[in-house]
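Asks: Residue numbers (the working numbering), protein chains in the order written: chain A, 410 to 559; chain B, 410 to 559.
Protein chains: 2
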Amino acid sequence: MAELDSRALDSPTDAGLVAQWRDLLARHAATACLLDRELGEKYGLGMSEFEVLERLVEGCEAEGLPALRVAELAPTVHLSQSALSRLIARLEKAGLVSRAMCESDRRGIMLTLTEAGRERYEQARPLHREVLALTLVGEIGPVCSEPSTD
Amino acid sequence: MAELDSRALDSPTDAGLVAQWRDLLARHAATACLLDRELGEKYGLGMSEFEVLERLVEGCEAEGLPALRVAELAPTVHLSQSALSRLIARLEKAGLVSRAMCESDRRGIMLTLTEAGRERYEQARPLHREVLALTLVGEIGPVCSEPSTD
DNA sequence: GGACAGTACATGCACGTGCATTCAATGCAA
DNA sequence: TTGCATTGAATGCACGTGCATGTACTGTCC
Numbered sequence: 410m411a412e413l414d415s416r417a418l419d420s421p422t423d424a425g426l427v428a429q430w431r432d433l434l435a436r437h438a439a440t441a442c443l444l445d446r447e448l449g450e451k452y453g454l455g456m457s458e459f460e461v462l463e464r465l466v467e468g469c470e471a472e473g474l475p476a477l478r479v480a481e482l483a484p485t486v487h488l489s490q491s492a493l494s495r496l497i498a499r500l501e502k503a504g505l506v507s508r509a510m511c512e513s514d515r516r517g518i519m520l521t522l523t524e525a526g527r528e529r530y531e532q533a534r535p536l537h538r539e540v541l542a543l544t545l546v547g548e549i550g551p552v553c554s555e556p557s558t559d
Numbered sequence: 410m411a412e413l414d415s416r417a418l419d420s421p422t423d424a425g426l427v428a429q430w431r432d433l434l435a436r437h438a439a440t441a442c443l444l445d446r447e448l449g450e451k452y453g454l455g456m457s458e459f460e461v462l463e464r465l466v467e468g469c470e471a472e473g474l475p476a477l478r479v480a481e482l483a484p485t486v487h488l489s490q491s492a493l494s495r496l497i498a499r500l501e502k503a504g505l506v507s508r509a510m511c512e513s514d515r516r517g518i519m520l521t522l523t524e525a526g527r528e529r530y531e532q533a534r535p536l537h538r539e540v541l542a543l544t545l546v547g548e549i550g551p552v553c554s555e556p557s558t559d
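1. Can you tell me which of the three DSSP states E545 of chain A falls into?
2. Is the Cβ of Q429 of chain B closer than 8 Å to any Cβ of chain A?
3. For the alpha helix (DSSP H) holding V479 of chain A, just list the boundary residues, first then last.
4. Is any beta-carbon of chain A found at less than 8 Å from that of E531 of chain B?
5. Find the residues of chain A that neighbour D445 of chain B, judging by a C-beta separation of less than 8 Å, and give them in chain order.
6. Note the first and the last residue of the continuous beta strand (DSSP E) segment covering S489 of chain B.
7. Suppose you measure from the CA of A492 of chain A to the CA of R499 of chain A; what does that come to, to the nearest Å?
8. Let me know if A441 of chain A comes out buried or exposed under the rule of 16 or more other beta-carbons within 10 Å of its beta-carbon.
9. Identify the continuous alpha helix (DSSP H) that holds S457 of chain A and give its terminal residues.
10. Thinking C-alpha only, which one of B:D432, B:L433, B:S457 is nearest L444 of chain B?
11. In terms of residue numbering, what span does the alpha helix (DSSP H) encompassing R508 of chain B cover?
12. Can you grab the Cα-Cα spacing for the pair G425 of chain B / A542 of chain A, in whole Å?
13. What residues in its chain sit with their C-beta under 8 Å from that of G468 of chain B, if we drop five residues either side in the sequence?
14. So L465 of chain A and V506 of chain A are in contact, right, with Cβ under 8 Å, and what is the actual spacing, rounded?
15. Around the Cβ of M519 of chain A, are there at least 16 other Cβ atoms within 10 angstroms (buried) or fewer (exposed)?
16. Is there a Cβ from chain B that is less than 8 Å from the Cβ of A542 of chain A?
17. When DSSP labels each residue in this structure, what does T521 of chain A get in the three-state scheme?
18. If you draw a straight line from the C-alpha of D559 of chain A to the C-alpha of P484 of chain B, how long is it?
19. Residues in its own chain within less than 7 Å of P556 of chain A by CB, not counting five upstream and five downstream?
20. Out of curiosity, what's the CA-to-CA distance linking T544 of chain A and R436 of chain A?
21. In the DSSP assignment, what residue or residues form a beta bridge with A476 of chain B?
22. Pull up the CB-CB distance for V486 of chain B and G517 of chain B, whole angstroms please, since I reckon it's below 8 Å.
23. Give every residue of the same chain whose Cβ lies closer than 7 Å to the Cβ of C553 of chain B, excluding the five residues on either side of it in the sequence, and list them in chain order.
24. Reducing DSSP to helix, strand and coil, say where L418 of chain A ends up.
25. What number of angstroms, rounded off, separates the C-alpha of T523 of chain B from the C-alpha of D432 of chain B?
26. Against L545 of chain A, what residues of chain B qualify as contacts under a CB-to-CB distance less than 7 Å, listed in chain order?
27. Select from B:K502, B:L434, B:W430, B:F459 the residue whose C-alpha is nearest the C-alpha of E531 of chain B.
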């Protein structure tokens with residue numbers, strides 16, 4: 410007879426899902442916001458910029474190559490293709506990466522981390538880890554640290 | 410002698426944090442993207458719009474009041490004050506909520522869910538739960554469902 | 001009462017994002 | 001070889017967001 414109640418209730422399963430989702434949302438918001446603020450303030454990097462630099466470092470170390478294709482990078486960062494393209498343009502303008510045409514497939518773009526790029530990454534990493542340790546451990550506590558709720 | 414290695418390595422703790430963060434990022438991206446796409450396509454609601462409607466429904470049910478102050482709503486949605494203000498303006502323009510001056514404190518705004526607003530929420534909720542069930546359970550699997558990676 | 005700091009919300013502005021489109025290069029088929 | 005669908009990446013555009021600011025109102029201290 411539940412259909413008589415216009416305010417349908419969540420099943421226990423759904424309630425759990427919603428709780429999980431809200432916790433995830435809160436953690437994401439807190440971490441992303443703090444990360445953006447801190448990295449931006451101190452190193453001129455956004456969260457995604459840092460992420461891309463990190464993938465670049467890892468990718469190069471893993472394959473021993475000095476460069477990585479944008480197409481390889483794309484699936485690992487959660488950005489649309491256009492957003493990634495512009496992000497890379499920003500990094501290049503900042504002198505942190507350099508774009509070069511890929512010889513084997515001239516549609517592709519090879520990304521190389523510049524010396525400045527690697528340095529910037531190495532400098533920023535401790536702060537990045539610090540933020541994660543701060544926001545990812547323990548209970549989410551009270552409703553904490555929304556954007557502009559310093 | 411770790412300082413001789415220019416590529417500092419993460420401590421085991423940090424590595425775990427990073428893994429946790431990446432999982433969270435992936436889940437958030439997948440869920441938020443799908444949620445936005447589905448709710449937007451079928452009910453003309455963004456993820457945050459739905460969230461606000463839901464808080465409104467819950468808040469009213471909890472307090473038995475027909476209205477909620479924006480200030481009460483703010484800390485529960487992970488949006489800046491300005492973003493929330495505009496989101497509410499959108500909801501009002503769509504006829505889903507109505508804004509009224511708060512008598513006890515004339516700076517405040519009382520939000521009321523319209524009949525259309527409640528209906529829209531009730532209609533959209535099953536899809537919302539469906540998406541959560543789809544993206545939140547189990548391992549994150551392969552790098553899945555970035556925006557525009559249909 | 002009058003001045004003033006603080007709060008609640010709205011708005012101008014710059015910016016990052018996604019979608020749709022465009023352009024170049026590739027692979028395949030006829 | 002020519003023609004055509006496909007892929008990699010860049011770009012025009014609209015839109016949602018955060019920051020800084022503005023406006024209205026409240027409470028307090030004098």
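Here a beta-carbon is modelled for each residue, glycine too, at the ideal position from N, C-alpha and C.
Replies: Checking against the coordinates, here is how it stands:
1. Here residue 545 of chain A turns out to be Leu, not Glu, going by the sequence shown. Helix, per DSSP.
2. Any Cβ of chain A closer than 8 Å to the Cβ of Q429 of chain B would place that residue at the interface, and such an atom is present.
3. Residues 479–482.
4. True, the Cβ-Cβ gap to chain A drops below 8 Å.
5. Residues of chain A passing the Cβ test: none, with the nearest at roughly 12 Å.
6. Unbroken run through S489 of chain B: none, as it is neither H nor E.
7. It is roughly 11 Å from the alpha-carbon of A492 of chain A to the alpha-carbon of R499 of chain A.
8. Under this definition A441 of chain A is a buried residue.
9. Looking at the DSSP string, the run of the alpha helix (DSSP H) that includes S457 of chain A is 456–472.
10. Nearest of B:D432, B:L433, B:S457 to L444 of chain B, Cα basis: B:S457.
11. First-last for R508 of chain B: 506–510, but that is the beta strand (DSSP E), not the alpha helix (DSSP H).
12. If I take the Cα positions, the gap works out to 10 Å.
13. The answer, listed in chain order, is L474, L477, E481, L482.
14. Correct: roughly 7 Å between the Cβ atoms.
15. The residue in question, M519 of chain A, is buried, as its Cβ has 16 or more Cβ neighbours within 10 Å.
16. Yes, its Cβ sits closer than 8 Å to a Cβ of chain B.
17. Three-state DSSP puts T521 of chain A in a strand.
18. Residue placement at D559 of chain A is poorly supported in this model, since its pLDDT is 33, which falls under 50; the coordinates still yield a value, given next. Taking the straight line joining both Cα atoms gives about 12 Å.
19. Only weak support exists for where P556 of chain A lies, its pLDDT of 47 falling under 50; the coordinates are left without a value.
20. Taken atom to atom, the span from the alpha-carbon of T544 of chain A to that of R436 of chain A is near 7 Å.
21. Paired residue(s): B:T521.
22. Between G517 of chain B and V486 of chain B the Cβ distance is about 17 Å, and since that is not below 8 Å, they are no contact.
23. For C553 of chain B, the predicted model reports a pLDDT of 39, less than 50, meaning its position is unreliable and no value from the coordinates is stated.
24. Reduced to three states, the DSSP call for L418 of chain A is coil.
25. Straight across, the Cα-Cα distance linking T523 of chain B with D432 of chain B is about 38 Å.
26. Ordered by position in chain B, the residues that pass the 7 Å Cβ test against L545 of chain A are L426, Q429, W430.
27. Ranking B:K502, B:L434, B:W430, B:F459 by Cα distance to E531 of chain B puts B:F459 first.
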